[in-house]
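K.L.:
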Amino acid sequence: MTALAPLAPWHREFPGLLAGSVYAAAPGTRASAARAMRNAGIGVHVDVMAESEGLPAGVGIAELSDIAAAVGPSSLEVHLIGSAAFVDAALPHVLAHRPAKVFLPWAAFTEDRAGAVRAAGGAAWVALWQEWDGTGDPSWPAPPDGVLVMLIEPGTRDRCRLERLAVATACAERVPVMVDGGVTKDVAPLCVTAGVESMVVGRALLPGSADERGSVR
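Written as structure tokens, this is what we have:
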């Protein structure tokens, strides 16, 4: 098993504002990475993706169990990426761990699913990609507890699209907001200025990343 090197030290500049993406860690090291994040006061963000729908292999259900056991529910947040059918299949496994936050795709965000998350003790957040551009009033599919503004297309490893921080600012005027996708040491201050309460960081937080090269999650 590959040993886990220390987290990038720049995270100390943003206390209480980061969630670490364990998806960016190598399989087999993710529970250890999650434990290191928790010990550093960083939230633990887990991407569970619909591989059968053509998306990359995210964190598996068995891995999620190991991660949840390592950090406990209060540090855990889970992002489900895929169709509504995938969400329905995966959500019971996720809620068994009682994560503090669950992020559901816009197309799968309903009162019933959000209610299930809340009944398990979590906050139900909606993931926003291109469903609202930040102008006018958003037509939420159901009232969310918060919004995760994606700075890259979900399930990809593109570069951060800084122009989407304007959408984050528009959301922050209405509900709690987080951002996810390509956040680095240099991008993080811009996210704070945009009004986010937390930022998901992956490769720029983990060993071997190089935020000066524009690393993505």
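Going from the sequence shown to the numbering used here is simple: count from 1 and add 17. Each residue gets a CB set at the ideal place from its N, CA and C atoms; glycine is no exception. This one's a predicted model, so the numbers in the text were calculated from it and none came from an experiment.
Please give the ranges of any alpha helix (DSSP H) in the region 41-122, keeping only runs that are unbroken, at least 4 residues long and fully inside the region.
P.N.:
As far as the region 41-122 is concerned, its whole alpha helix (DSSP H) runs of at least 4 residues are 47-56, 78-88, 101-112.
K.L.:
Roughly how many angstroms separate the alpha carbons of residue 91 and residue 141, rounded to a whole number?
P.N.:
Roughly 14 Å separates the two Cα atoms.
K.L.:
Give me the residue from 174, 175, 144 with the minimum Cα distance to residue 161.
P.N.:
Of 174, 175, 144, the residue nearest in Cα terms is 144.
K.L.:
Tell me whether residue 35 sits in a helix, a strand or coil according to DSSP, three-state version.
P.N.:
Looking at residue 35 - three-state DSSP - the assignment turns out to be strand.
K.L.:
Starting from residue 144, trace the beta strand (DSSP E) both ways and give me its first and last residue.
P.N.:
Element bounds for residue 144: 140-145.
K.L.:
Mind checking residue 64: buried by the 16 CB within 10 Å criterion, or exposed?
P.N.:
It is buried - the Cβ of residue 64 has at least 16 other Cβ atoms within 10 Å.
K.L.:
Taking DSSP as the reference, what is the three-state secondary structure of residue 233?
P.N.:
Because the pLDDT at residue 233 is just 38, under 50, the model does not fix this residue reliably, and the point stays unresolved.
K.L.:
Nearest-angstrom Cα distance between residue 105 and residue 146?
P.N.:
Those two C-alpha atoms are separated by around 20 Å.
K.L.:
Enumerate in chain order the residues of its own chain whose CB-to-CB distance from residue 208 is below 6 Å, with the five nearest sequence positions on each side excluded.
P.N.:
Hits under 6 Å: 196, 216.
K.L.:
On the DSSP bridge list, what partners appear for residue 215?
P.N.:
Its beta-bridge partners are 195.
K.L.:
For a test of the three-state rule: what should DSSP assign to residue 163, helix, strand or coil?
P.N.:
The answer is strand: DSSP assigns residue 163 an E or B state.
K.L.:
Roughly how many whole angstroms lie between the Cα atoms of residue 211 and residue 86?
P.N.:
Rounded to whole angstroms, residue 211 to residue 86 spans 34 Å at the Cα level.
K.L.:
Apart from the five residues on each side of it in sequence, which residues of its chain come closer than 7 Å, Cβ to Cβ, to residue 148?
P.N.:
Cβ within range, chain order: 123.
K.L.:
On a Cα-Cα basis, can you pick out the residue from 131, 77, 69 that is closest to residue 110?
P.N.:
Looking at the Cα atoms, 77 is the closest of the given residues.
K.L.:
With distances taken Cα to Cα, identify the nearest neighbour of residue 213 among 222, 98, 193.
P.N.:
The shortest C-alpha separation from residue 213 is found at 193.
K.L.:
Would you mind stating whether residue 97 and residue 114 have Cβ atoms separated by less than 8 Å?
P.N.:
No, the pair does not count as a contact, with Cβ atoms beyond the cut-off.
K.L.:
With burial defined as no fewer than 16 other Cβ atoms inside 10 Å of the residue's Cβ, what is the status of residue 29: buried or exposed?
P.N.:
Its Cβ having fewer than 16 others within 10 Å, residue 29 is exposed.
K.L.:
Should residue 25 go down as buried or exposed, given a rule of 16 or more other Cβ atoms within 10 Å for buried?
P.N.:
With 16 or more other Cβ atoms within 10 Å, it is buried.
K.L.:
For residue 179, is the classification buried or exposed, using 16 other Cβ atoms within 10 angstroms of its Cβ as the cut-off for buried?
P.N.:
The residue is exposed, with fewer than 16 neighbouring Cβ atoms inside 10 Å.
K.L.:
Inspect the beta-carbon positions of residue 137 and residue 112 and report whether they are closer than 8 Å.
P.N.:
In this structure, residue 112 lies closer than 8 Å to residue 137 by Cβ.
K.L.:
Taking just the CA atoms, how far does residue 34 sit from residue 57?
P.N.:
Each residue's Cα considered, the two are about 12 Å apart.
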